[in-house]
Structures are given as C-alpha cells and as structure tokens.
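Numbering (this note's numbering), first residue to last: 1126 to 1206.
Here's the structure, in structure tokens; my notes come after.
The following block contains the structure:
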C-alpha cells in the first residue's frame, strides 16, 4: 500500500495552470511501497525523481518530485513494468 503522506496545498495550486497542466515541479512525500508508486505514476505518464529519504525506527518517508514534461535534472526512478 502506498500513502501520499504530505502534499502542500499551496504548492499544488501554484504548480498547476488553470487548465490543470503541471507547470512547476511538485514535491510528494511518500510512505509505503515505492515500487508500486513508481509503477502507478508511470502508467499515468509521470516520472518520479527521488530527492531524499527519511528513516527512523518506526517510519520511512521518501521525497519525490514530479517535473513538468517529466524534465527532471537526473535519472528518474525506473518502473518495473
């Protein structure tokens, strides 16, 4: 199971044009099966670019960025499909 742990509403609103197109990068903070998330995003035409991991004894969060036109600065996370 994948949970989108945190998404800033203000950042989300500023990242989309009036027509709903992604025009600015948006950060996603994720907890769960990252492979499943990467595969789901890929099926919808989105590539995820990993930024950081946060690990503790009780939880794990990863930060991923979705860029407009999938034009990130490094290689994206690769899907298994």
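No residue lacks a Cβ here, since even glycine has one placed at the ideal position from N, Cα and C.
This one's a predicted model, so the numbers in the text were calculated from it and none came from an experiment.
- Here residue 1175 carries a strand assignment [DSSP, helix/strand/coil].
- In this structure, residue 1202 lies near residue 1159, with their beta-carbon atoms less than 9 Å apart.
- Look at the beta carbons and you see the segment 1131 to 1142 not touching the segment 1162 to 1180: under three pairs across the two are nearer than 8 Å.
- When beta bridges are read from the DSSP output, residue 1151 appears opposite 1191.
- Residue environment analysis places residue 1206 among the exposed positions, since fewer than 16 neighbouring C-beta atoms fall within 10 angstroms of its C-beta.
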